[in-house]
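Residue numbers (our numbering): 88 to 527. Idealized CB from N, CA, C, for every residue including glycine. Predicted model only: the values in this text are computed from it and were never measured. For reference, the structure is listed below as structure tokens.
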Amino acid sequence: LTSSTVYSPPPRPLPRSTFSRPAFNLKKPYKYCNWKCAALSAIIISVTLVILLAYFIAMHLFGLNWHLQPMEGQMYEITEDTASSWPVPTDISLYPSGGTGLDSFFPEDTFIDSGEIDVGRRATQKIPPGIFWRSQVFIDHPVHLKFNVSLGKAALVGIYGRKGLPPSHTQFDFVELLDGRRLLSQEVRSLEGPQRQPRGFVPMSSHETGFIQYLDTGIWHLAFYNDGKESEVVSFLTTTIESVDNCPSNCYGNGDCVSGTCHCFLGFLGPDCGRASCPVLCSGNGQYMKGRCLCHSGWKGAECDVPTNQCIDVSCNNHGTCIVGTCICNPGYKGESCEEVDCMDPTCSGRGVCVRGECHCSVGWGGTNCETPRATCMDQCSGHGTFLPDTALCSCDPNWTGHDCSIGNCSSSAGEGHCRGGGRRCRVGAGSVAQPGVEQ
């Protein structure tokens with residue numbers, strides 16, 4: 088080796104294992120699904136979904152339960168009218184006229200059923216709060232049906248419609264919400280004040296409005312729901328309309344189409360009746376201040392919509408008589424419309440105060456009208472007895488009687504004596520012992 092060459096030792100051999108290598112290796116085989124397997128799986132899944140879909144459709148159309156058996160007390164049959172795919176409900180039990188066989192799902196105290204109402208006939212019903220007024224209308228061919236609705240100025244009514252079955256708050260084909268307080272008043276009033284009305288004139292206290300719906304052939308179930316706090320008288324009249332295609336947007340169903348122009352129903356504005364109108368505050372006859380209406384001269388009422396020469400309630404709540412715009416109340420009632428209960432004697436004979444139809448008497452007086460004198464301190468029993476709280480009565484001492492032990496019993500006094508002072512005092516003879524309250 089030359090002096091310029093660096094010596095490097097040879098690499099050491101790797102140690103060999105003393106164990107012999109296995110004769111064969113175990114490897115997990117992998118098997119992949121080919122296109123035939125994938126197609127077969129897709130077919131099986133599709134068939135399963137089709138069967139499930141048919142199962143649920145059959146349950147819905149025929150009213151079957153999970154075991155494909157008719158539901159208890161109810162079954163459905165398909166009508167022969169091919170234009171309608173909705174089932175007409177029938178029932179194995181008997182129902183009154185207008186029944187649908189579904190009344191078991193709606194408690195009787197939650198609805199009023201008027202049965203079938205012909206198109207063109209007005210129907211009227213007083214609806215209690217929180218109650219449905221149900222009816223049915225038969226449509227023999229597809230038509231635009233106009234609903235002319237009359238409701239109170241403070242009414243809050245929802246109108247539901249459903250084909251084939253009674254509607255509810257969540258199941259309906261159309262719904263219209265009418266708020267009498269938000270309907271725009273279209274009455275024309277004189278700027279000089281209310282005009283003199285003929286004798287016997289009854290002021291209108293309701294709004295007339297409406298809407299249009301396209302109804303297909305079949306039985307349509309209607310339901311008017313009173314969402315207010317008071318009972319409301321609601322009426323409606325249905326009329327058919329041949330065509331509304333000549334008006335923009337068909338007036339959105341909120342007006343009549345006449346010669347290509349929309350004539351909007353009460354509560355709607357715009358060339359196509361697409362905008363809800365704002366309410367007229369105080370009916371245009373007063374000024375709205377601090378949450379109430381201050382009426383102009385000649386008008387009265389919460390909304391300033393009643394002339395002063397008329398009563399707000401012409402019947403005075405059946406507790407009085409309306410005379411020249413003022414309710415003359417019967418005894419026992421008071422208020423602008425005789426709506427409050429009053430005492431038979433409002434002054435309570437000058438010995439008390441009338442509160443909610445009951446006299447609260449001053450000390451020493453009682454009775455319905457505070458006309459009966461009473462002991463000043465009943466619980467003291469006039470000092471001649473013991474007051475029993477359980478019975479609120481006095482247990483009198485001997486020789487005393489009366490509800491407050493204020494009457495002396497002369498007959499039981501010892502010795503000779505005689506009554507005087509209206510029998511309330513006794514004077515006994517000499518030698519006898521005077522009893523309490525007995526004058527010697």
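Taking contact to mean at least 3 C-beta pairs separated by less than 8 Å, is the segment 247-256 in contact with the segment 297-317? yes
Proximal residues to Cys483 (C-beta, below 8 Å), its chain only, five neighbours per side dropped: To locate residue 483, count along the sequence shown from 1; it is residue 396. Cβ neighbours of Cys483 beyond the five flanking positions: Cys468, His471, Gly472, Gly489 and Cys492.
At 3 residues or longer, what runs of the beta strand (DSSP E) sit wholly inside the segment 337-363? 342-345 and 348-351
Contacts around Gly287, its chain only, beta-carbon distance under 7 Å, and the 5 residues preceding and following it disregarded: Sequence index remark: in the sequence shown, residue 287 carries index 200 (1-based). Note that Gly287 scores a pLDDT of 38, beneath 50, so its modelled location is shaky and nothing firm can be said.
Check: Trp153 C-beta below 6 Å from any heavy atom of the ligand NAP: The ligand NAP is absent from the structure shown, which contains no ligands of any kind.
Does the beta-carbon of Leu368 have 16 or more other beta-carbons within 10 angstroms, so that it is buried, or is it exposed? One-based indexing of the sequence shown puts residue 368 at position 281. Result: exposed.
Are there 16 or more other CB atoms within 10 angstroms of the CB of Gly217, so buried, or fewer, so exposed? Taking the first residue of the sequence shown as position 1, residue 217 is located at position 130. Exposed.
Anyone know if the C-beta pair for Phe261 and Gln300 falls short of 7 Å? One-based indexing of the sequence shown puts residue 261 at position 174. One-based indexing of the sequence shown puts residue 300 at position 213. Contact flag set, yes.
When the distance is taken between beta carbons, is Ser237 closer than 7 Å to Ser322? Taking the first residue of the sequence shown as position 1, residue 322 is located at position 235. Taking the first residue of the sequence shown as position 1, residue 237 is located at position 150. Result yes, Cβ atoms of Ser322 and Ser237 sit closer than 7 Å.
Spatial distance of Glu445 from Ile415 (CA atoms): As a working mapping, residue 445 is identified with position 358 in the sequence shown. As a working mapping, residue 415 is identified with position 328 in the sequence shown. Distance between the alpha carbons of Glu445 and Ile415 is about 20 Å.
In angstroms, rounded to a whole number, what distance separates the CA positions of Gly81 and Gly315? Here the chain covers residues 88 to 527 and nothing more, so residue 81 does not appear.
Using C-beta distances below 7 Å, list every residue in its chain close to Phe298, excluding the 5 sequence neighbours before and after it, in chain order. Residue mapping note: residue 298 aligns to position 211 of the sequence shown, counting from 1. If we look at Phe298 and ignore the five residues flanking it on each side, its Cβ neighbours are Phe234, Glu263, Gly340, Asn341 and Phe352.
Can you tell me the Cα-Cα spacing of Phe311 and Asn337, whole angstroms? One-based indexing of the sequence shown puts residue 311 at position 224. One-based indexing of the sequence shown puts residue 337 at position 250. Between Phe311 and Asn337, the C-alpha separation is close to 24 Å.
Spatial neighbours of Cys391 in its chain, beta-carbon cut-off 6 Å, leaving aside the 5 residues before and after: Taking the first residue of the sequence shown as position 1, residue 391 is located at position 304. Closer than 6 Å at the Cβ level, and outside the excluded window around Cys391, lie Cys369, Ser370, Asn372, Gly373, Cys380 and Cys382.
Within 10 angstroms of its Cβ, does Leu52 collect 16 or more other Cβ (buried), or is it exposed? With the chain covering 88 to 527 only, the question about residue 52 has no answer from this structure.
Provide the residue(s) that pair with Val224 in DSSP beta bridges, ordered along the chain. Taking the first residue of the sequence shown as position 1, residue 224 is located at position 137. Val224 pairs with Trp307.
Residues of its chain near Gly360, where Cβ-Cβ distance is below 6 Å and the 5 sequence neighbours each way are ignored: The sequence position of residue 360 within the sequence shown is 273, counting from 1. Reading the sequence as shown, one finds Cys at residue 360 and not Gly. Cys338, Tyr339, Asn341, Gly342, Cys349 and Cys351.
In this structure, how does DSSP classify Leu139 when only helix, strand and coil are distinguished? Walking along the sequence shown from the start, residue 139 turns up at place 52. Helix at Leu139.
So for Gly495, helix, strand or coil by DSSP? Along the sequence shown, read from residue 1 onward, the residue named residue 495 stands at position 408. The answer is strand: DSSP assigns Gly495 an E or B state.
What three-state label does DSSP hand Phe149 in the structure shown? By one-based count along the sequence shown, residue 149 stands at place 62. Reduced to three states, the DSSP call for Phe149 is helix.
Can you say whether Ser95 is buried or exposed, counting buried as having 16 or more other CB atoms within 10 angstroms of its CB? What you label residue 95 is simply residue 8 of the sequence shown in a count that begins at 1. Its Cβ having fewer than 16 others within 10 Å, Ser95 is exposed.
Using 7 Å as the threshold, is the C-beta distance between Arg443 and Gly453 below it? To locate residue 443, count along the sequence shown from 1; it is residue 356. To locate residue 453, count along the sequence shown from 1; it is residue 366. No, these two residues do not count as a Cβ contact at 7 Å.
Measuring alpha carbon to alpha carbon, tell me which residue in Asp205, Ala141, Ala129 and Glu319 is nearest Trp220. Translated into positions along the sequence shown, residue 220 becomes position 133. The shortest C-alpha separation from Trp220 is found at Glu319.
His294 and Cys377 - do their beta-carbons sit closer together than 7 Å? For the purposes of this step, residue 377 is taken as residue 290 along the sequence shown, with counting starting at 1. For the purposes of this step, residue 294 is taken as residue 207 along the sequence shown, with counting starting at 1. For the record, residue 377 in the displayed sequence is Lys; it is not Cys. Cβ atoms of Lys377 and His294: not closer than 7 Å.
Quick one: what's Trp122 bridged to in DSSP? One-based indexing of the sequence shown puts residue 122 at position 35. Note: Trp122 sits in no beta bridge, so no partner.
Bounding residues of the beta strand (DSSP E) (the contiguous stretch that carries Gln397): Walking along the sequence shown from the start, residue 397 turns up at place 310. Taken as a continuous stretch (DSSP letters only), Gln397 belongs to no beta strand (DSSP E), as it is neither H nor E.
For His406 and Tyr420, the rounded distance between their alpha carbons: Sequence index remark: in the sequence shown, residue 420 carries index 333 (1-based). Sequence index remark: in the sequence shown, residue 406 carries index 319 (1-based). The straight-line gap from Cα to Cα measures roughly 7 Å.
Tell me which same chain residues have a C-beta within less than 7 Å of the C-beta of Arg438, skipping the five on either side of it? Position 351 of the sequence shown, counted from the first residue, corresponds to residue 438. Counting only Cβ-Cβ distances below 7 Å, and skipping sequence neighbours, we find Cys448, Ser449, Trp452 and Cys457.
CB contact flag (Ile130, His231, <7 Å): Working through the sequence shown from its first residue, we reach residue 130 at position 43. Working through the sequence shown from its first residue, we reach residue 231 at position 144. No, Cβ-Cβ distance for Ile130 and His231 is not below 7 Å.
Identify whether Cys457 lies in helix, strand or coil by the three-state DSSP scheme. In the sequence shown, the residue the question calls residue 457 occupies position 370. DSSP places Cys457 in coil when its eight states are reduced to three.
Could you work out which residue in Ala479, Gly495 and Thr478 is closest to Asn486 when comparing CA atoms only? Reading the sequence shown from its first residue, position 399 is the one you call residue 486. Ranking Ala479, Gly495 and Thr478 by Cα distance to Asn486 puts Gly495 first.
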